[in-house]
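Engineer:
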Amino acid sequence: MAKKVKTVYFCNNCGNESPKWLGKCPACGEWNTFVEEKVTTNTKSGKSSRTEEKVKPVKLSEIENGNEIRIPLPSKELNRVLGGGLVAGSLTLLGGEPGIGKSTLLLQNILSMRSKKILYISGEESGPQIKMRADRLSKAPNDTFILCETDLDNIFNQIENIKPDLIIVDSIQTIHSPAIESVAGSVSQVRECAAEFLKFAKQSGIPVILVGHINKDGAIAGPKVLEHIVDTVLQFEGDRQYLFRILRSIKNRFGSTSEIGIYEMVEKGLREVANPSNILISDSTDKSMSGIGIGVTTEGIRPFLVEVQALVSNSAYATPQRSVTGFDQRRLNMLLAVLEKRAKLRFAQKDVFLNITGGLKIIDPALDLAVMAAIMSSYFDIPIPTDMAFIGEVGLSGEVRTVTRIETRISEAAKMGFSKIIIPKGNLKGVTLKNESQVVEISKIEQCFKIIHSIKG
918 MAKKVKTVYF CNNCGNESPK WLGKCPACGE WNTFVEEKVT TNTKSGKSSR TEEKVKPVKL
978 SEIENGNEIR IPLPSKELNR VLGGGLVAGS LTLLGGEPGI GKSTLLLQNI LSMRSKKILY
1038 ISGEESGPQI KMRADRLSKA PNDTFILCET DLDNIFNQIE NIKPDLIIVD SIQTIHSPAI
1098 ESVAGSVSQV RECAAEFLKF AKQSGIPVIL VGHINKDGAI AGPKVLEHIV DTVLQFEGDR
1158 QYLFRILRSI KNRFGSTSEI GIYEMVEKGL REVANPSNIL ISDSTDKSMS GIGIGVTTEG
1218 IRPFLVEVQA LVSNSAYATP QRSVTGFDQR RLNMLLAVLE KRAKLRFAQK DVFLNITGGL
1278 KIIDPALDLA VMAAIMSSYF DIPIPTDMAF IGEVGLSGEV RTVTRIETRI SEAAKMGFSK
1338 IIIPKGNLKG VTLKNESQVV EISKIEQCFK IIHSIKG
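Basically this note's numbering = 1-based index in the sequence shown + 917.
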C-alpha cells in the first residue's frame, strides 16, 4: 500500500477544499479563511476491501414513520433543552468556554445513570484526574468505562469490544485519525473524525455526545461543517465570575431551539435551578433604592422574572457614557431616544448604565418596559414598589406593543408575589386570568411615566 502526500487548503468557516490558497472562499464568501494542511491518503490498486451495502432510492410514501427512541437523562434541565432526552443514533455537540463546566455537566449525568453502559472517551484528562472529579461529584457506577485515547482507530476497536449504550467524546478537537496526516484539531481532522462518529451513530443506533472547544469569537472551533454534521448543537455559556450557567440549544433536529436550562455552580458540581425567578430577583429589604425594575421574560415556553438595574448620573465628559451588560446596546439607545421624544427627558449630559442581574443576556423585546421603568426611576430617583412588575415592548412612536405568552408571564409574576403588573393595552383579549393581581393596561410610554411619577406623590 502506497502513501500519497499532497498539500491542500481548507476553509476554516465552511470546510471547502482548494488545491491553492484563495483570498476569498468561493463557497461561503468569507475572506482569509484558508489554511494550509498536508494530507496523506492511502492508495491501493484494485477495489476497496471495505464492502458497503448500496443504498437505493425509496418512494416517500413507502417510508414508515418511526417513533423516536429517547434515552432520558438524570438532569431535567438537559432533558428539556434536548426535547425529552437523547435520541437513539443521534450525534450531539456540546460547546462552551474552557472551565465553564462542560465535562462536569456530562460526568454528573453519566454517574447517575445506573442502568446504562457508558463509555467516556477523554483526550484531555488522565484516568486519575477523571476519577478524582467523579469522586467529588458522586459514586461511580460499575458500568461506566473511561478511555483516555486520541487515536480514532483504537477508539472504535474499544467501542466494538465494550458495546456501550452511550458514548461521550471529550473533546472532538483532540481526536486524531491515522488516515489523514495533519495535527489533531485541524480542519481536516475535525471534519473526518466527526463524520466517522456520525456514521457509527446512525449505523449502530448508539447516541454520541461530542464536546467541542470554542474560538475567541465564541463560535465552536473547527470548520463550520461540524455544526452541519451533528444533529444537535448545545451551547453552555455564562460568565465564570458568576455562579449561573445557561445551556442553550442552537440547533436541534429533534426538538425546539428556544429552550434553555439554568444551572448554578456549587462546591459539588452543577445544581439545577428549577425556579430561576427566585435566584435572579434580589431579596433586598431596602425599598428605598431607585433604578430597579422587574420584568418578565421567556425562553421557549419557560417564563421567569429578571431584575433590571439602571443608573442615570450627570456626565463628567463631553460625550456621555452608555454602558450595557446583558442587553442590546443599540436597543437601549433607541429606548433613550423614545424617552427624550415622548417623555421629554434629557440624556444629552447624562451617563446611562444598564445591567441585567445574574449574568444573563436577554433579547426578549418584552423587557423594554422594565428597562424604561428602571431608567425613569433612576432619573427621578424614585424607587419602584417591590411588588410591581412590567411587561411590554416599546415602539419608536412610544406605543406599548403587545407581547406573546402574556397569560404565562402574568401567572409567573403573580406566583412570585407581584400584586401590580403593568402590561400593554389589548393584550388580554381572549385571555382569562386566574390570579388576584392587579393588572394595569397602558398604551403609551407617557402613561408609564405618570405611574412612576405618581409613586412619589
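Just so you know, even glycine gets a beta-carbon here, dropped at the ideal spot from N, CA and C.
Note that the coordinates shown come from a computational prediction; the quantities given were computed from them, not determined experimentally.
Does DSSP put E1428 in a helix, a strand or coil?
Structural biologist: Outside the shown range of the chain (918 to 1374) lies residue 1428, about which nothing can therefore be said.
Engineer: Going by DSSP, which residues form a beta bridge with N1231?
Structural biologist: DSSP lists K1267 as partners of N1231.
Engineer: Flag this pair as yes or no: are the beta carbons of A1287 and G1343 separated by less than 7 Å?
Structural biologist: Going by C-beta atoms, A1287 is not nearer than 7 Å to G1343.
Engineer: Answer with buried or exposed for H1130, where buried requires no fewer than 16 other C-beta atoms within 10 angstroms of its C-beta.
Structural biologist: Under this definition H1130 is a buried residue.
Engineer: Would you tell me roughly how many angstroms separate the C-alpha atoms of N1059 and N1026, rounded to the nearest one?
Structural biologist: One C-alpha to the other measures close to 15 Å.
Engineer: Taking the continuous alpha helix (DSSP H) assigned at R997, which residues delimit it?
Structural biologist: Taken as a continuous stretch (DSSP letters only), the alpha helix (DSSP H) holding R997 covers K993 to L999.
Engineer: Give me the Cα-Cα distance between K1332 and T1274, rounded to the nearest whole angstrom.
Structural biologist: Looking at the two C-alpha atoms, the distance is approximately 20 Å.
Engineer: Which ranges does the alpha helix (DSSP H) cover as unbroken runs of at least 4 residues, wholly within the region 1135-1180, from first to last along the chain?
Structural biologist: The region 1135-1180 contains these whole alpha helix (DSSP H) runs: 1142-1146.
Engineer: List the DSSP bridge partners of V1213.
Structural biologist: Paired residue(s): L1222.
Engineer: What are the boundary residues of the beta strand (DSSP E) that includes I1063?
Structural biologist: T1061 to C1065 is the extent of the beta strand (DSSP E) around I1063.
Engineer: Spatial neighbours of S1336 within its chain, please: C-beta separation below 7 Å, excluding the five flanking residues on both sides.
Structural biologist: Hits under 7 Å: D1304, S1354 and Q1355.
Engineer: Counting along the chain, where does the beta strand (DSSP E) carrying R1188 start and finish?
Structural biologist: It spans G1186 to E1189 - the beta strand (DSSP E) in which R1188 sits, taken as one unbroken run.
Engineer: Reducing DSSP to helix, strand and coil, say where M1251 ends up.
Structural biologist: M1251: helix per DSSP, three-state reduction.
Engineer: Between L1022, W938 and T1321, which lies nearest to E1379 when the distance is taken from Cα to Cα?
Structural biologist: Outside the displayed range of the chain (918 to 1374) lies residue 1379, so it cannot be described from this structure.
Engineer: Give me, in chain order, the residues of the same chain whose beta-carbon lies closer than 8 Å to that of Q1266; leave out the 5 immediate sequence neighbours on both sides.
Structural biologist: Excluding positions up to five away in sequence, the list reads N1231, S1232 and P1237.
Engineer: Of all the options S1039, G1243, S1207 and G1208, which has the alpha carbon lying nearest to the alpha carbon of T1214?
Structural biologist: Nearest option by C-alpha distance: G1243.
Engineer: Among all the DSSP beta bridges, which residues are the ones paired with I1301?
Structural biologist: According to DSSP, I1301 bridges with nothing at all.
Engineer: Rounded to a whole number of angstroms, what is the C-alpha to C-alpha distance between R1053 and F1366?
Structural biologist: Straight-line Cα distance between these residues: approximately 53 Å.
Engineer: Report back the beta-carbon spacing between Y1180 and E994 to the nearest angstrom; my notes put them in contact at under 8 Å.
Structural biologist: So it is a contact: roughly 7 Å between Cβ atoms.
Engineer: With DSSP as the reference, label T1274 as helix, strand or coil.
Structural biologist: Helix, per DSSP.
Engineer: Give me, in chain order, the residues of the same chain whose beta-carbon lies closer than 6 Å to that of E947; leave out the 5 immediate sequence neighbours on both sides.
Structural biologist: Excluding positions up to five away in sequence, the list reads N930.
Engineer: Can you list, in chain order, the residues of its chain whose CB lies under 8 Å from that of Y1296, leaving out five sequence neighbours each side?
Structural biologist: Around Y1296: V1229, L1262 and K1267.
Engineer: By DSSP's criteria, F927 is part of a beta bridge. Which residues make up the other side?
Structural biologist: Answer is E934 and V952, bridged to F927.
Engineer: For I1085, does the three-state DSSP call read helix, strand or coil?
Structural biologist: In the structure shown, I1085 sits in a strand (DSSP, three-state: E or B).
Engineer: Helix, strand or coil for A1306 per DSSP?
Structural biologist: Here A1306 sits in strand by DSSP.
Engineer: Report buried or exposed for I1167, applying the criterion of at least 16 other Cβ atoms within 10 angstroms of its Cβ.
Structural biologist: Burial call: exposed.
Engineer: Since K1337 sits in a beta bridge, which residues does DSSP pair it with?
Structural biologist: Bridge partners of K1337: M1305 and Q1355.
Engineer: Out of curiosity, what's the CA-to-CA distance linking T914 and W938?
Structural biologist: Absent from the model: residue 914. The displayed extent of the chain is 918 to 1374, so no value can be given.
Engineer: Identify whether L1028 lies in helix, strand or coil by the three-state DSSP scheme.
Structural biologist: If DSSP states are grouped into helix, strand and coil, L1028 belongs with the helices.
Engineer: When the Cα of R1248 is compared with those of R1326, I1198 and G1312, which residue comes out closest?
Structural biologist: That would be G1312, whose Cα lies nearest to the Cα of R1248.
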